[in-house]
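K.L.:
Structure provided below as structure tokens; questions to follow.
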């Protein structure tokens, strides 16, 4: 019984660790975007700046979506995992 509890605890700890890593990665992705100081100083400047960022937004969306799919697959795998053996 104690060994089973320990295995379940270790499995949960590993899941939490992976969740934290993925959350940090997603946060770092968002930090890439920044607004320049002079973006709001003139009319149309912000629009041209946002149009310039469209490739970055697309890249961000694809990367973020890929990470979310991997995260969901990880949770599904661990939900189906019955036994956790670690060294």
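Residue numbers (this note's numbering): 33 to 119. Here a beta-carbon is modelled for each residue, glycine too, at the ideal position from N, C-alpha and C.
Within the same chain, show all residues whose beta-carbon is closer than 6 angstroms to that of residue 97, passing over the 5 residues directly before and after it, in chain order.
P.N.:
Answer for residue 97: no residue qualifies.
K.L.:
Please say whether residue 110 and residue 42 have beta carbons closer to each other than 7 angstroms?
P.N.:
no
K.L.:
Among 65, 100 and 55, whose alpha-carbon lies nearest the alpha-carbon of residue 86?
P.N.:
65
K.L.:
Can you list, in chain order, the residues of its chain whose CB lies under 6 angstroms from that of residue 103, leaving out five sequence neighbours each side?
P.N.:
54
K.L.:
Suppose you measure from the CA of residue 50 to the CA of residue 90; what does that come to, to the nearest Å?
P.N.:
25 angstroms
K.L.:
Taking 7 angstroms as the threshold (C-beta atoms), are residue 61 and residue 92 in contact?
P.N.:
yes
K.L.:
Among 44, 100 and 84, which has the Cα closest to the Cα of residue 59?
P.N.:
100
K.L.:
Can you grab the Cα-Cα spacing for the pair residue 94 / residue 57, in whole Å?
P.N.:
14 angstroms
K.L.:
Would you say the beta carbon of residue 48 comes nearer than 6 angstroms to a heavy atom of the ligand SAH?
P.N.:
Among the components of this structure there are no ligands whatsoever, and the ligand SAH is therefore not found.
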